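Here the sequence shown is numbered in my numbering, starting from 178 and rising by one per residue.
Glycine residues also receive a C-beta, built at the ideal position from the N, C-alpha and C atoms.
Because the structure is a prediction, the values reported are computed rather than measured.
Have a look at the structure below, then the notes.
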Amino acid sequence: MGHSEEVGAERRVRRWRSVAEKRQIVKQTLEPGASVALIARAHGLNANQVFKWRRAFERGELVDSAASSTALLPVTIAAPREREEPDAEQQPRTSGSIHIEFPGRATISVEIGADAALLRSILESLRK
178 MGHSEEVGAE RRVRRWRSVA EKRQIVKQTL EPGASVALIA RAHGLNANQV FKWRRAFERG
238 ELVDSAASST ALLPVTIAAP REREEPDAEQ QPRTSGSIHI EFPGRATISV EIGADAALLR
298 SILESLRK
């Protein structure tokens with residue numbers, strides 16, 4: 178089998194442009210009478226790419242990353258606040274009870290301090 182090459186075919190190499198280069202090319206296209214196609218060709222670019230850069234420039238998106246970087250804000254660390262005593266309404270009760278009635282099956286009374294795991298087990302068995 179033979180090896181063939183196209184005559185005159187040129188392999189394009191992708192070139193990365195800096196934001197400053199893109200802005201400079203866009204500004205050339207904004208001059209009166211400028212042709213985007215001719216300017217793009219002069220820089221080895223596709224006109225569609227230059228139009229994309231122009232739209233980004235018009236939206237204010239074609240800026241150096243250093244100019245658009247997030248600034249640090251000053252931070253002040255305050256001393257931890259002392260814990261306030263909860264109001265009387267928020268303090269846990271020392272007495273109380275819950276009464277649960279399953280008509281025809283069972284009545285359960287639970288006092289404060291009851292074992293939660295035991296109560297859960299009892300309620301699960303009544304669900305069945």
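Taking each of R282, N223 and V287 in turn and checking the Cα distance to H276, the smallest one comes out for V287. As the crow flies, the alpha-carbon of L250 is around 58 Å from that of L303. Membership of I202 in the alpha helix (DSSP H) is indicated by the continuous run V196 to T206. With 16 or more other CB atoms across the displayed protein chains lying within 10 angstroms of its CB, V203 is buried. Closest by C-alpha distance to E235, out of I289, K199 and I216, is K199. Proximity to V213 across F228, I285 and G221 peaks at F228, based on C-alpha coordinates. With fewer than 16 other Cβ atoms inside 10 Å of its own Cβ, A255 counts as exposed.
Per DSSP, the beta bridge partners of F279 are A283.
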